[in-house]
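Data block below; observations after.
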Amino acid sequence: MNKHVKYIFVTGGVSSSLGKGIISSSLAKLLQGRGFSVTIQKLDPYINIDPGTLNPYEHGECYVTEDGAETDLDLGHYERFSNTPTSQANNVTTGRIYQNVIEKERRGEYLGTTVQVVPHITDEIKRCIKILGETGKYDFVITEIGGTVGDIESFPFIETVRQMKWELENDCAVIHLTLVPYLKAAGELKTKPTQHSVKTMLEQGVQPDIIVCRTEHPLNDGIKRKIAQFCNVSHNNVIESIDAETIYDVPLLMKDEQLDIAVLRKTQTPVPEQLDLKNWENFIRRLKNPKQEITIGLVGKYVELKDAYKSIHESFVHGGSANETKVHVKSIHSERITKENVNEKLAGLDGILVAPGFGGRGIEGKIEAVRYVRENKIPFLGICLGMQCAAIEFTRNVLKLEEAHSTEIDPNTPYPVIDLMEDQKSVKDMGGSMRLGSYDCELKKDSLAYGLYGTNMIKERHRHRYEFNNEYRIRFEENGMSITGINPQKDLVEIIELKDHPWFIGVQFHPEYKSTVKQPHPLFVGFVKAAGEYHQRQK
Ligand code: GLN
């Protein structure tokens with residue numbers, strides 16, 4: 009067991025969306041580069057037990073971990089940067105904290121005392137933070153506190169940081185991320201919002217150790233000194249975080265600003281001489297020097313909302329870098345695709361991805377998009393609902409069962425090619441009750457999938473209720489759609505591939521949750537490659 013786990017807190021002030029997740033992930037990357045093991049956790053101040061029941065308009069994509077937790081999308085960044093799987097313990101909400109405390113109270117564990125925010129809620133928050141340190145696996149636990157200091161909801165979390173900082177002394181550091189706005193009229197960067205934000209922290213008893221300043225312009229020394237002086241931190245601990253071309257530049261920018269060294273010094277950890285970021289730098293070099301450019305159509309219903317498909321976008325960045333290809337992702341609104349306009353809407357694309365989703369809105373457009381790529385032999389990747397659409401399209405247009413559908417959308421369809429599994433039929437609670445997390449999948453040799461993964465046993469993450477209906481398996485195989493991936497425990501269809509097509513694959517799982525900088529996902533690497541080849545053929 010590692011006795012001296014260091015706890016790093018990342019809080020935010022002035023504005024939301026400053027990129028606490030990216031700063032936390034970048035710090036993790038740098039500490040890993042120096043040989044430390046790190047995990048990152050997100051504490052979310054909202055009352056939902058988890059983001060699983062939130063629609064993407066609220067908080068963007070719901071990310072899923074190996075052990076089936078439905079989490080905030082920041083956990084995706086943590087995994088993509090650190091290449092370390094997260095778990096249930098890495099995302100905790102106020103709702104979860106209160107649920108735990110109330111359950112304990114009902115069990116009589118508080119022995120008749122009055123249950124209060126301090127100490128019971130804060131003790132529970134502390135327990136959820138320390139659980140990660142107590143695994144003995146990590147030298148550093150980085151805890152990102154969602155929201156902005158001063159929010160009513162954040163109070164118990166900041167109070168917990170105050171207590172832990174007091175208890176842990178040098179085994180703890182607090183990083184506060186703020187915004188230093190540039191006022192055009194004055195031609196100046198302004199430090200006042202940062203000063204006020206730190207004051208708000210101080211009112212709650214927490215003195216940040218390191219201040220990371222998000223800015224559109226470089227901070228000159230004078231500005232850094234001013235922030236240091238007014239916010240009681242040393243000059244070295246005022247870190248500039250300037251706008252970057254890509255989020256993947258941030259670890260390198262933080263390396264130049266020595267954020268890792270500031271953290272190591274504060275936690276009295278000797279600074280290892282070597283910082284190995286070769287892998288990362290290679291990734292960036294390939295990303296920034298593409299040999300060709302392609303355009304992939306992303307057909308979904310949340311096109312105006314980039315965060316709704318966050319992991320898919322990032323997987324294309326990884327797959328693009330692996331192929332030295334710049335991938336432009338064009339979002340196409342599935343609700344606007346019709347039989348009449350599909351040729352025009354999908355013209356000029358080198359590949360089409362049909363996105364995951366829930367409910368019937370836009371589904372006919374997705375099915376039409378699948379027909380178009382099947383008939384025109386354009387590379388296709390269907391993910392979850394996207395795979396289900398491919399199955400529906402095949403049943404309708406190749407097996408000629410025109411009323412085929414998923415029972416999620418048409419419960420009375422005579423041809424339920426996608427249907428609820430028996431064990432889902434009795435489910436009443438919507439939260440956390442889907443088929444979630446990592447499941448085995450056995451691949452058929454000589455399939456496209458087998459060629460890409462290079463192995464016959466894989467594990468992928470799921471998040472869905474409906475499944476391919478096994479009654480259609482034989483008809484699919486006989487008519488040109490191969491079933492190439494099966495979950496061996498439950499005999500569920502996980503992958504379908506069109507035989508007479510250069511690259512057509514539908515997967516019931518979510519490959520995008522497993523793609524990282526270090527290990528770009530084979531399906532995305534293969535898809536980008538196939539789209540590149542298609543692009544060449546069109547010239
Ligand atoms: N709505 C579908 C289901 O529940 C697909 C879900 C998804 O795409 N993640 O099975």
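FYI, in this note's numbering the residues of the sequence shown are 9 to 547.
In this text, a Cβ means the ideal position worked out from N, Cα and C, and glycines have one as well.
By Cβ distance, which residues of its chain are closer than 7 Å to residue i, with the 5 residues on each side in sequence left out?
i: P280; result: R42 and G43
i: L26; result: G20, L185, L187 and R222
i: M442; result: R471, H472 and R473
i: A236; result: S242, H243 and V246
i: E87; result: P93, T94 and T524
i: V123; result: V109 and E113
i: M395; result: I504, G514, V515 and Q516
i: S45; result: K145, Y146 and D147
i: R233; result: H243
i: P530; result: L460 and Y461
Nearest to residue i by CA position, among the options, is which residue?
i: A77; options: N99, L306 and F535; result: N99
i: P419; options: Y15, L119, G368 and D448; result: G368
i: V13; options: T121, T223 and G141; result: G141
i: R404; options: H470, I386, Y461 and R483; result: R483
i: Y480; options: S32, I504, M465 and Q96; result: I504
i: K338; options: R344, K318 and V311; result: V311
i: D229; options: R469, D217 and V246; result: V246
i: T47; options: V220, G29, N56 and I55; result: G29
i: F163; options: Y106, N178 and P53; result: P53
i: E265; options: M395, W288, I218 and I292; result: I218
i: Y542; options: E161, G356 and S23; result: G356
i: I302; options: S90, E468, Q544 and S23; result: Q544
i: G373; options: D358, I386 and V350; result: V350
i: A97; options: V125, L119 and I150; result: I150
i: V126; options: H85, R115, Q171 and L119; result: Q171
Would residue i and residue j qualify as a contact pair, given that the criterion is a beta-carbon distance under 9 Å?
i: T94; j: L83; result: yes
i: V362; j: S342; result: yes
i: E248; j: P226; result: yes
i: I340; j: V378; result: no
i: V335; j: V536; result: yes
i: K50; j: D80; result: yes
i: D58; j: S446; result: no
i: A181; j: V72; result: no
i: E430; j: T421; result: no
i: T121; j: T168; result: no
i: I31; j: L267; result: yes
i: T463; j: L451; result: yes
i: D448; j: I466; result: yes
i: G440; j: G60; result: yes
i: L500; j: S490; result: no
i: F17; j: I160; result: no
i: I255; j: H85; result: yes
For residue i, which residues from the same chain have a beta carbon less than 6 Å from its beta carbon, with the 5 sequence-adjacent residues on both sides left out?
i: S34; result: V258, P259 and M262
i: A330; result: P528 and V533
i: F238; result: Q203
i: L393; result: P364 and G365
i: N10; result: Note on N10: pLDDT 49, under 50, position unreliable in the model; the coordinate value appears next. So the list reads G144, once near-sequence residues are dropped.
i: I110; result: none
i: F388; result: I360, V381 and F512
i: V406; result: N487
i: E224; result: Y190 and D251
Beta-carbon within less than 8 Å of residue i's beta-carbon, same chain only, minus the 5 sequence neighbours each way: which residues are those?
i: N477; result: P424, V425, I426 and D427
i: G157; result: Inspection of the sequence shows that residue 157 is occupied by Val rather than by Gly. If we look at V157 and ignore the five residues flanking it on each side, its Cβ neighbours are T19, G20, G21, I166, H184, S205, T208, M209 and Q212.
i: R313; result: The sequence given here has Leu at residue 313, not Arg. Once the five neighbours on either side are set aside, the close Cβ partners of L313 are P64, Y65 and G68.
i: Y106; result: I55 and I129
i: S24; result: G155 and T156
i: I133; result: L51, V100, I105, P164, F165 and T168
Who pairs with residue i in a beta bridge, going by DSSP?
i: H470; result: G445
i: C70; result: According to DSSP, C70 bridges with nothing at all.
i: I48; result: I150
i: P613; result: Outside the shown range of the chain, which is 9 to 547, sits residue 613, and nothing can be said about it.
i: G359; result: I304
i: N549; result: Outside the shown range of the chain (9 to 547) lies residue 549, about which nothing can therefore be said.
i: E383; result: Looking at the DSSP assignment, E383 forms no beta bridge with any residue, so it has no partner.
i: T19; result: H184
i: E78; result: V72
i: G373; result: Bridge partners of G373: none, in fact.
i: L389; result: L361 and I513
i: V220; result: L185 and I247
Is residue i near the ligand SAM, with its Cβ less than 8 Å from a heavy atom?
i: S414; result: With respect to the ligand SAM, the structure offers nothing, as its ligand set consists of the ligand GLN.
At a Cβ threshold of 9 Å, is residue i touching chain C?
i: Q266; result: No chain C is present in this structure, which holds just one protein chain.
Of all the beta strand (DSSP E) runs that stay within the bounds of the segment 118-198, which reach a length of 3 or more residues? Taken in chain order, the whole beta strand (DSSP E) runs of length 3 or more contained in the segment 118-198 are 148-153 and 180-187.
Ignoring anything shorter than 3 residues or poking outside the segment 302-346, list the beta strand (DSSP E) runs there in chain order. Qualifying beta strand (DSSP E) stretches, in chain order: 333-341.
Beta strand (DSSP E) segments (min. 3 residues) lying fully within the segment 443-522: Along the length of the segment 443-522, whole beta strand (DSSP E) runs at least 3 residues long occupy 443-451, 465-472, 474-476, 489-495, 500-506 and 512-515, reported in chain order.
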